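In this note's numbering, the protein residues as written are 1 to 685.
Glycine included, each C-beta is placed from N, C-alpha and C at the ideal position.
No experiment lies behind these values; they were computed from the predicted model shown.
Data first, discussion second: the structure below is written as structure tokens.
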């Protein structure tokens with residue numbers, strides 16, 4: 001056999017199809033949910049933290065970019081990522097999707113031709129090594145770049161090449177031409193790249209604003225306008241007509257969503273009486289969550305509340321006030337629900353022939369039958385879809401889902417997909433107070449937002465850890481709605497914290513999360529619990545509870561003005577509308593919590609920044625003093641923002657006071673005066 005001839009190589013190309021790395025390795029991309037199995041979540045105008053670990057062989061410089069692409073693959077935004085840390089090869093930045101839609105993003109790693117030349121030129125010319133060679137290489141680099149650029153950049157590169165190649169000029173002047181303002185501006189617009197490597201695309205689902213940025217208010221329509229006749233000891237239920245009179249006050253407080261508990265007929269079998277007693281009187285209305293009676297089930301309206309026409313008018317009135325109605329979707333039934341006789345296979349039958357009622361030991365709900373998806377999952381799924389589409393046809397675009405963690409996650413993934421295919425603006429809120437894996441799985445499956453553990457996070461350490469988790473770790477798939485209370489939840493902090501405790505929790509919720517909510521009565525400081533339970537006495541779940549809001553406000557016993565101010569601050573300051581931009585700062589006191597939110601390029605203007613600093617005394621009973629130490633990098637302070645000594649002005653958006661602050665600041669907060677500073681960092685115009 002003739003040996004291969006020297007100098008000859010095989011013509012067959014090398015097969016690289018199965019190789020995992022590209023020319024420039026790109027690893028640990030974020031946000032990526034379960035390897036790309038699910039899209040990450042966003043809303044228009046929100047900043048998405050993107051990052052990747054990118055590196056290359058040798059010592060040449062590299063650059064990293066994140067590119068946002070439309071559903072058709074068109075480039076929407078390109079951002080150069082900045083290195084973070086030292087020696088970590090980690091690059092991070094922000095993407096900001098402009099509108100609702102399905103997007104993807106990719107990470108690009110590339111050789112930075114200008115960065116490599118400039119670094120080598122600076123080092124070698126300063127050392128007197130290869131001086132003419134480095135200048136000549138720069139001239140060639142810019143000459144080649146000029147041939148592919150638009151006229152403005154081409155002129156800058158051509159001039160730089162001419163000066164670099166002019167051996168009659170001083171060395172310093174020639175090098176300076178390669179780092180002129182015109183050159184740097186041209187490179188900022190479009191870097192000089194080679195070896196461009198592109199990652200796999202990863203999905204981002206950008207949903208409408210109320211999916212991730214809203215203030216919620218919950219009330220029971222039957223209580224609004226309910227009247228009691230002492231002579232007959234009988235109640236008359238409120239209706240959608242009377243409940244509509246409450247809507248302007250809710251809108252005036254700055255809320256966006258009015259959430260209604262179930263509005264369907266209520267069963268009579270095992271109906272609960274006041275305070276969850278097992279025996280109901282003839283006039284007791286029962287729990288709205290015991291859905292279904294002779295009048296109908298989930299597709300019917302309780303006759304005491306009115307008709308579908310009344311409901312439609314109620315929704316229309318809310319919309320006139322820029323409010324949306326959220327309806328409870330509780331997949332359970334009273335023993336009187338039509339499903340019990342028409343579809344007994346949708347429930348769990350015990351060996352004695354009885355249907356199992358709901359339990360959450362030690363709580364028992366004899367008036368409620370849970371749904372069982374194991375016997376006829378397709379039939380039950382189609383029925384639920386029918387019900388949801390029915391209410392959508394009556395103007396409901398938001399559903400608060402009761403106990404979704406007691407139903408199969410795959411069912412929710414299917415239902416939300418089917419609904420959003422036809423109605424992409426429909427939003428689902430998961431009321432899932434359960435273990436983190438289930439709560440997070442529901443978010444991955446499509447729930448746009450979720451109740452959270454915020455209600456039970458009270459200490460400084462607990463809040464710092466939880467705020468960091470929901471803003472930095474789970475944000476791509478889990479949107480936290482910080483409800484301060486519910487008909488089921490009246491925490492010890494509220495029971496014993498007094499009015500200051502209510503202010504503290506409201507300030508924390510409204511400032512820390514783009515989504516927050518209150519249940520009616522919060523503004524009246526309702527704090528008396530039913531013995532042995534974490535819920536209000538005379539609970540509205542089981543009885544009518546009309547409230548005299550106007551009188552309380554007239555007598556100065558209402559938190560409504562404070563809630564109104566919080567919601568106004570949220571609307572005035574775009575930084576509060578994002579989830580991932582929260583930074584924890586240090587304070588010397590164990591009861592003083594400090595965090596900030598910052599947003600750049602507000603309204604697309606690169607010169608406009610919005611920064612809010614929140615300082616909260618977590619002790620509702622006594623004044624606290626602290627030294628607050630700020631991470632100035634997180635506030636993005638420029639020299640022109642500050643006074644000559646580096647200090648800056650902050651304005652308290654609650655009290656109207658102003659102070660000069662710096663890195664370290666003394667704070668004293670008396671909860672009986674104001675428990676929180678909500679500070680706007682005033683930048684010089």
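DSSP state of residue i mapped onto helix, strand, coil
i	result
residue 300	coil
residue 77	strand
residue 420	helix
residue 567	helix
residue 626	strand
residue 454	helix
residue 259	strand
residue 108	strand
residue 37	coil
residue 484	coil
residue 405	helix
residue 471	helix
residue 28	strand
residue 172	helix
residue 339	helix
residue 242	helix
residue 276	helix
Span of the beta strand (DSSP E), counted from its first residue to its last, around residue i
i	result
residue 312	Unbroken run through residue 312 is the alpha helix (DSSP H), 308-320; no beta strand (DSSP E).
residue 664	664-669
residue 381	From DSSP, residue 381 is part of no beta strand (DSSP E) but of the alpha helix (DSSP H) over 377-392.
residue 364	363-365
residue 197	193-198
residue 83	82-84
residue 680	676-682
residue 214	214-218
residue 52	48-54
Residues bridged to residue i (per DSSP)
i	result
residue 595	584, 614
residue 449	429
residue 346	Residue 346 is not bridged to any residue.
residue 396	For residue 396, which the question treats as bridged, DSSP gives no partner whatsoever.
residue 203	104
residue 515	214, 481
residue 65	80, 108
Beta-carbon proximity list for residue i, same chain, < 7 Å, skipping 5 on both sides
i	result
residue 663	629, 630, 632
residue 280	271, 272, 273, 286
residue 372	346, 347, 348
residue 28	52, 53
Whole-angstrom distance between residue j and residue i, CA atom to CA atom
i	j	result
residue 119	residue 135	12 Å
residue 471	residue 93	15 Å
residue 557	residue 415	44 Å
residue 369	residue 404	15 Å
residue 614	residue 678	5 Å
residue 314	residue 321	11 Å
residue 12	residue 20	21 Å
residue 323	residue 141	59 Å
residue 622	residue 464	21 Å
residue 15	residue 61	28 Å
residue 490	residue 537	10 Å
residue 325	residue 517	14 Å
residue 503	residue 423	37 Å
residue 451	residue 433	7 Å
residue 282	residue 276	15 Å
residue 110	residue 121	20 Å
residue 657	residue 526	30 Å
residue 206	residue 168	57 Å
Close beta carbons around residue i, own chain, < 8 Å, minus the five adjacent residues each side
i	result
residue 213	43, 46, 514, 515, 577
residue 338	292, 296, 297
residue 164	135, 136, 138, 139, 142, 174, 175, 177, 178
residue 316	395
Range of the contiguous alpha helix (DSSP H) that encloses residue i
i	result
residue 334	No alpha helix (DSSP H) holds residue 334; DSSP gives it neither H nor E.
residue 117	113-127
residue 468	460-468
residue 229	No alpha helix (DSSP H) contains residue 229, which is instead part of the beta strand (DSSP E) from 227-229.
residue 93	Element bounds for residue 93: not the alpha helix (DSSP H) but the beta strand (DSSP E), 90-95.
residue 157	151-165
residue 144	131-146
residue 501	498-512
residue 247	247-252
Close-in-space but distant-in-sequence residues of the same chain around residue i (CB under 6 Å, 5 per side omitted)
i	result
residue 447	428, 430
residue 454	482
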